[in-house]
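Protein chains: 4
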Amino acid sequence: MSKIRVAVAGGTGYMGVELLRLLALHPRVDIRRATSEQYAGERLADVYPAFRDRLDLRLEELDRSRLAEGVDVVFSGLPHGAAAATIVEALKSDVVVFDLSADFRLKDAAEFQRWYGAHPAPQLLADAVYGIPEFARERIRRARIIAVPGCYPTGALLGLVPIVRAGIVGDGPIVVDSKSGASGAGRAAKTELLFGEIQENVRAYSVGRHRHLPEIEQELAAAGCRSDVIFTPHLLPIRRGILSTLYVPLRQVTDLAPAFASSFASEPFVQLLGEGKFPQVRDVRGTNLAQIGWTVLDPKPLAIVVTAIDNLGKGGSGQAVQDLNVRFGLDERTGLDQIAAVP
Amino acid sequence: MSKIRVAVAGGTGYMGVELLRLLALHPRVDIRRATSEQYAGERLADVYPAFRDRLDLRLEELDRSRLAEGVDVVFSGLPHGAAAATIVEALKSDVVVFDLSADFRLKDAAEFQRWYGAHPAPQLLADAVYGIPEFARERIRRARIIAVPGCYPTGALLGLVPIVRAGIVGDGPIVVDSKSGASGAGRAAKTELLFGEIQENVRAYSVGRHRHLPEIEQELAAAGCRSDVIFTPHLLPIRRGILSTLYVPLRQVTDLAPAFASSFASEPFVQLLGEGKFPQVRDVRGTNLAQIGWTVLDPKPLAIVVTAIDNLGKGGSGQAVQDLNVRFGLDERTGLDQIAAVP
Amino acid sequence: MSKIRVAVAGGTGYMGVELLRLLALHPRVDIRRATSEQYAGERLADVYPAFRDRLDLRLEELDRSRLAEGVDVVFSGLPHGAAAATIVEALKSDVVVFDLSADFRLKDAAEFQRWYGAHPAPQLLADAVYGIPEFARERIRRARIIAVPGCYPTGALLGLVPIVRAGIVGDGPIVVDSKSGASGAGRAAKTELLFGEIQENVRAYSVGRHRHLPEIEQELAAAGCRSDVIFTPHLLPIRRGILSTLYVPLRQVTDLAPAFASSFASEPFVQLLGEGKFPQVRDVRGTNLAQIGWTVLDPKPLAIVVTAIDNLGKGGSGQAVQDLNVRFGLDERTGLDQIAAVP
Amino acid sequence: MSKIRVAVAGGTGYMGVELLRLLALHPRVDIRRATSEQYAGERLADVYPAFRDRLDLRLEELDRSRLAEGVDVVFSGLPHGAAAATIVEALKSDVVVFDLSADFRLKDAAEFQRWYGAHPAPQLLADAVYGIPEFARERIRRARIIAVPGCYPTGALLGLVPIVRAGIVGDGPIVVDSKSGASGAGRAAKTELLFGEIQENVRAYSVGRHRHLPEIEQELAAAGCRSDVIFTPHLLPIRRGILSTLYVPLRQVTDLAPAFASSFASEPFVQLLGEGKFPQVRDVRGTNLAQIGWTVLDPKPLAIVVTAIDNLGKGGSGQAVQDLNVRFGLDERTGLDQIAAVP
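Protein chains in written order, with the working numbering: chain A, 257 to 599; chain B, 257 to 599; chain C, 257 to 599; chain D, 257 to 599.
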């Protein structure tokens, strides 16, 4: 069977290198090209010795006009702004694009501008599909641009959309309190990301006003939600993983199992732990899995849902590969059969 | 000036050893006795080499009838149940008791029973003072039993009571989402507390139903709060520290600074970072400090307050020493002048 | 192609669960049975949720007389002593045994007794093969008992045997200074293994007198070494990985590359970084790889060799699976194609 | 009693901020000035909120010509090169200088040049005293420039000098294998110091050729040692602390206790754990203590000595304050009475 030929733009940030790891393990993918601003000209295995003997690749400078040459798929791990500019150019070739930045996640250019500045290619926003396969599988199958969702939104939406769809959300705001590993902040050399600043520490940031909020709001609204969403991310001293604790007012005390089963019963990457059981990030680390547990505080009509994902897995590169599998009609599990290492 | 003679029951758990550390640094305290179930007969410095040349003490078996002999003060770091039984006996002598367990925190014996089982000495509950000096200084000055508050309640109450007192809390539940270091779970040899289980991991536990919830509810109610409180603790891979993220519905958008200033303006251990600034646990680690920041999500009438304490400091042994200073008329800062080490 | 039917005794310690993870990913293995003292009767996925939907197995009590029933292979993750007693019984069936304990590593029953107590089945010692495939491939192919080497010895021997074989070791002792993650100490509920004891800490233990020393000495002697070996292990606050820093006196300043190439040039799991480049444990974590770098302190005739392995991978369960592949004539890489996740 | 007026140049790196912490706690010190390249103009407590209400200081730009104005003492936390240039200027005033860089540690300008480049002020090298009080107390009392020793050399020398002085070192090289926390590498925003690169990782660096080697050699030679020294540092995922494992050939098997007692019996900051007991970094963290344990591998004439210090404490700022106390005739323990927090 012929392989899918792939180019990766921005392959040496934490998101990009995880994408290369997953693609290198994917039996139907042929990685033809990877670019790196910082390491152009170097061999991947010299930058990341974990790839030694596993992926023989010389990193290239990004040449937008040639990025899509001879490939079927372009993955972009570039930052927002740079991503859209590159993708506009790539789409002149007959390729499918999977974008890990925020550039094609929001449907509303004005909303995008409010959070990120003017959009470089607003005409393309309508074409892009927000790529959570569990919620948009059919649209992903026909898309040319798949916007791979943000890590926090993925963790929040997997826990909230089923409840919203079930029509059981009550009055009052939904609170999304998320705890993330440091890799979510990327690999830029910033003082605040030093080991000495993060180890033995925890802090909230962008309290109530994080850029991932409009993504969550947009997708919840699309599912029929009219509640306010309050979102606070926290930075933890772990490398990977997001735990999201979701506080949801209900119309009345009710069993949530049917709502979650209705959305996820046959999903290969969503594991329902059930009422009273709660996930840990270690059980999904290095995988494309999401684990979900919940409780209802009977007699109070309030649900607490907890979801765990790997921010670089289901929250990023893993989901991008799942999107690829969906888009190209492969078994969705192809190349995504990792089992989390314990310990 | 004569020293305060002190006995410590249960001195080798994480809370007990932090208490011994603080008392050893306290210029007005003379540690006469410390007991340890696990290490009775051994020298403290052999169990904890950090005390070498600093505190020369042989750990004793707990003998309830003699614990209070020749001392002015008994600190109890014993677990709940054992604490009350020991304290009943100690109070036959003329001592003041500072109890780090839950035994004297709840006023209502029925509520205690619901969470912990039958109370061993319900007749003493009325005598005990819930020992957050910022809220109960005058009562602490006259108390014979000071119930040193739980770590989570301290972090939550310091952020919530000022808003409650200001009469600006709106309808809907208050959400308390807390993140704690592993020392809060104690030093018992349990599989779930192993390094291999906690490192690179995060999990919620006792979701919505943790034993510290009734403490929070009791003290908020005492301050005039009628809201539901939803509380979820999380276990982080850090040794010490609690970050509490508090979501509070307000009657209307309003500036919180006056409320916090009104409660804490002249408090030596509460530091107000102000609107839009948020604390990190590292800045209070090893100290008796609490740092508090907040934001109001204008135009939504909802406040997010973040507090940071050391669970063994202001959330336990530090607060116990502050209580001691209050009770004996010392400057409250005596022995509590640590500055958090950064990094 | 028919699958190799496998039983695992002692499957829920850290070594056992990593073995189950690797075997579950192995395309030619059918896991028929796994025992657990602590969790007998429970489903594996309830104990370790990472196995949900990946390995459906109910853990059994160990019944020595039936462990080998209907299988081709028995893996033992039992502690020393218990392992030998179980293996003696298993060998009454026509099975091949891979033992992760120390019971069959030492050839000399007297030496075994000195370190571990009387051997339960000394008559079997001669049959066992010390299973580092890079050094004993042919013997493993014919063995009934493969003693999977200790984690520290594997890390040390991979760095030392090539130099010994090259006949270039000079006078004076060889120093083996090893740094290990906490999973090497197992999953028993011991105070010294608590998060609060290991995090932000490092300590040496069994200084100069660790039980893995005789293994290192035995295998170096078999390779022709007559030097004293000095060995000190250290416990680090990481979950997995061993870095071994090896100080080797040479007869004269010489290039070590030929010696390492001669031993490992075509080895799939040993990666030579070369002179002046040194490995990190993160690049081998979760894999069966060993990475080796070195330098010679010209003009001093002294080499420093640094090796990195995962103590549960090449230092344990990974090597056990490699041994299985060798023993059953499979491509050695089968089921062992993980790429270390970075970060 | 009048206070010692102090200026700190380079006060916001990890070494500088630890110095400010210790000086702020010192009852005889008045911090008049602190400079910071990165944060000039900001308040210390805004950069490091741990100093809130504890040290009210506005950070200044470094003005070499005025640094020493109105102070008795200048501490320099500047990098090498910049330090010497600043100190030359400071010495035009009547001040005593404590330099935390390498600029005044080596006596031989040629040796300095080999490791660091040309020395900016070689004429001052003879005046400087290498400031380990346990070995140079009398010279420190009369010095104008105290070169505060490097962190690795301090850990190594405290374990080696007593044995060298005792005249019992045998033939063959001494191996110094050191494991350090990440704060030793400073606070510069470098990719290799990011949390994602250090957590769950360990690596050797500058293997056999680290800049601290000549310091160790110089001071051992001054004590009468003629052995080669082999030194390898390792970077651990801890914030603070250095554990040094020292392998020392002896003339014959002998008891080391007299040698250590002879050097350290009455030292307030060196704690001898004795034969067969080994230190952990957690017991000295945040303090100026060194703990030392050892064993002799009878019948082999080889000693293993393990020392633990805090790299920012006895390995840096703590020792600088101890040097200050010595130089100004104060009790050496003044301001250095911290007890390591456990956990």
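Cβ coordinates follow ideal geometry from the N, Cα and C atoms, glycine included.
Point to revise | Residue range of the beta strand (DSSP E) that includes residue 401(B) | key: Run containing residue 401(B): 401 to 403, per the beta strand (DSSP E) assignment.
Review point. If we cut at 7 Å on Cβ distances, does residue 604(D) have a partner in chain B?
Key: The requested residue 604(D) is not part of the displayed model; chain D covers only 257 to 599.
Check your understanding: Is it the case that the Cβ atoms of residue 306(C) and residue 264(C) are separated by a distance below 7 Å?
Key -> It is not a contact, given that the beta carbons lie outside the stated cut-off.
Practice item. Give the straight-line distance between the Cα atoms of residue 586(C) and residue 323(C), rounded to the nearest whole angstrom. Key: A direct Cα-to-Cα measurement between residue 586(C) and residue 323(C) gives close to 24 Å.
Practice item. Starting from residue 366(D), follow the alpha helix (DSSP H) in both directions and report where the run begins and ends. Key: Here the alpha helix (DSSP H) through residue 366(D) covers 365 to 372.
Review point. Terminal residues of the continuous beta strand (DSSP E) containing residue 432(D)?
Key: Membership of residue 432(D) in the beta strand (DSSP E) is indicated by the continuous run 430 to 436.
Practice item. Tell me whether the beta-carbon of residue 498(A) lies closer than 7 Å to the beta-carbon of residue 388(A). Key: Taking 7 Å as the Cβ cut-off, residue 498(A) and residue 388(A) do not qualify as a contacting pair.
Exercise for review: Under 7 Å between beta-carbons, which chain A residues line up against residue 449(D)? List them in chain order, please.
Suggested key: By Cβ distance, chain A contributes 450 and 451.
**Study point:** Near-chain D residues of the segment 452 to 478 of chain A - C-beta to any C-beta below 9 Å
**Key:** Flagged, chain order: 452, 453, 454, 455 and 456.
Review point. Nearest-angstrom Cα distance between residue 517(B) and residue 391(B)?
Key: Just so you know, the alpha carbons of residue 517(B) and residue 391(B) end up roughly 13 Å apart.
Practice item. Would you mind reading off the limits of the alpha helix (DSSP H) that contains residue 270(A)? Key: Start and end: 270 to 280.
Check your understanding: Between which two residues does the alpha helix (DSSP H) carrying residue 289(A) extend?
Key -> Segment 285 to 290 is the beta strand (DSSP E) holding residue 289(A); no alpha helix (DSSP H) there.
Practice item. Report the option in 386(A), 398(A), 489(A) and 336(A) whose CA atom is closest to the CA atom of residue 435(B). Key: For the residues 386(A), 398(A), 489(A) and 336(A), the minimum Cα distance to residue 435(B) belongs to 489(A).
Check your understanding: DSSP state of residue 461(A), grouped into three classes?
Key -> Here DSSP, grouped into helix, strand and coil, assigns residue 461(A) to coil.
Check your understanding: Any beta-carbon of chain C closer than 7 Å to the one on residue 599(D)?
Key -> Taking Cβ atoms only, chain C reaches closer than 7 Å to residue 599(D), which makes this a yes.
Review point. From this set, 552(A), 438(A), 430(A) and 418(A), which residue's C-alpha is nearest residue 523(A)'s C-alpha?
Key: Closest in alpha carbon position to residue 523(A), among 552(A), 438(A), 430(A) and 418(A), is 418(A).
Practice item. Tell me whether residue 427(D) is buried or exposed, calling it buried when 16 or more other Cβ atoms sit within 10 Å of its Cβ. Key: It is exposed - the Cβ of residue 427(D) has fewer than 16 other Cβ atoms within 10 Å.
Exercise for review: Check whether the Cβ atoms of residue 267(C) and residue 281(C) lie closer than 7 Å to each other.
Suggested key: It is not a contact, given that the beta carbons lie outside the stated cut-off.
Exercise for review: Pick out whichever of 361(C), 459(C), 511(C) and 353(C) has its Cα sitting closest to the Cα of residue 535(D).
Suggested key: Closest by alpha carbon: 459(C).
Check your understanding: If we cut at 7 Å on Cβ distances, does residue 484(B) have a partner in chain A?
Key -> It does; some Cβ of chain A falls within 7 Å.
Check your understanding: In chain order, what residues of the same chain have a beta carbon less than 6 Å from the beta carbon of residue 422(C), not counting five sequence neighbours either side?
Key -> So the list reads 515, once near-sequence residues are dropped.
Practice item. Please list, in chain order, all residues of the same chain as residue 397(C) whose beta carbon is under 7 Å from its beta carbon, the five residues on each side excluded. Key: The answer, listed in chain order, is 582 and 583.
Review point. What residue does the beta strand (DSSP E) around residue 317(C) start on, and which one ends it?
Key: That residue, residue 317(C), is in no beta strand (DSSP E); it is neither H nor E in DSSP.
Review point. Given residue 283(D), which residues of its chain have a CB within under 7 Å of its CB, disregarding the five upstream and five downstream residues?
Key: Taken in chain order, the residues that qualify are 590 and 591.
Check your understanding: With 16 other CB atoms within 10 Å as the buried threshold, where does residue 222(D) fall?
Key -> The structure shown does not extend to residue 222(D), since chain D spans only 257 to 599, so no value can be given for it.
Review point. Under the three-state reduction of DSSP, which class applies to residue 583(B): helix, strand or coil?
Key: Note: residue 583(B) maps to helix in three-state DSSP.
Exercise for review: Please look up how many angstroms separate the CB atoms of residue 474(A) and residue 362(A), rounded, as I've assumed it's under 8 Å.
Suggested key: Indeed, because the Cβ distance is near 6 Å, the residues count as touching under 8 Å.
**Study point:** Cβ-Cβ separation, residue 575(C) to residue 410(C) (assumed contact under 8 Å), whole Å
**Key:** By a beta-carbon distance limit of 8 Å, residue 410(C) contacts residue 575(C). Their separation comes to about 6 Å.
Point to revise | Close beta carbons around residue 496(B), own chain, < 7 Å, minus the five adjacent residues each side | key: Excluding sequence neighbours, residue 496(B) sits near 437, 439, 541, 566, 567 and 568.
Review point. Which residues bound the beta strand (DSSP E) around residue 491(C)?
Key: For residue 491(C), the enclosing beta strand (DSSP E) has its first and last residue at 485 to 491.
Exercise for review: Verify the CB distance criterion: does residue 301(A) have a CB-CB separation below 7 Å to chain C?
Suggested key: Chain C, which has no Cβ nearer than 7 Å to the Cβ of residue 301(A), makes this no.
Review point. Smallest Cα separation from residue 279(B): which of 431(B), 262(B) and 269(B)?
Key: Comparing Cα positions, the closest option is 262(B).
Practice item. Kindly list the residues whose CB is nearer than 7 Å to the CB of residue 597(D), restricted to its own chain and excluding five residues on each side of it in sequence; keep chain order. Key: A distance below 7 Å between beta-carbons, with the five flanking residues on each side excluded, links residue 597(D) to the following residues of its chain, in chain order: 542.
Check your understanding: So, do the segment 368 to 384 of chain D and the segment 330 to 346 of chain D have three or more beta carbon pairs nearer to each other than 8 Å?
Key -> Yes, they touch.
Check your understanding: What does residue 497(D) touch in chain C if you count any residue whose Cβ is under 9 Å from its own?
Key -> What residue 497(D) touches in chain C: 456, 457 and 458.
Review point. DSSP on residue 354(A), reduced to helix/strand/coil?
Key: Strand at residue 354(A).
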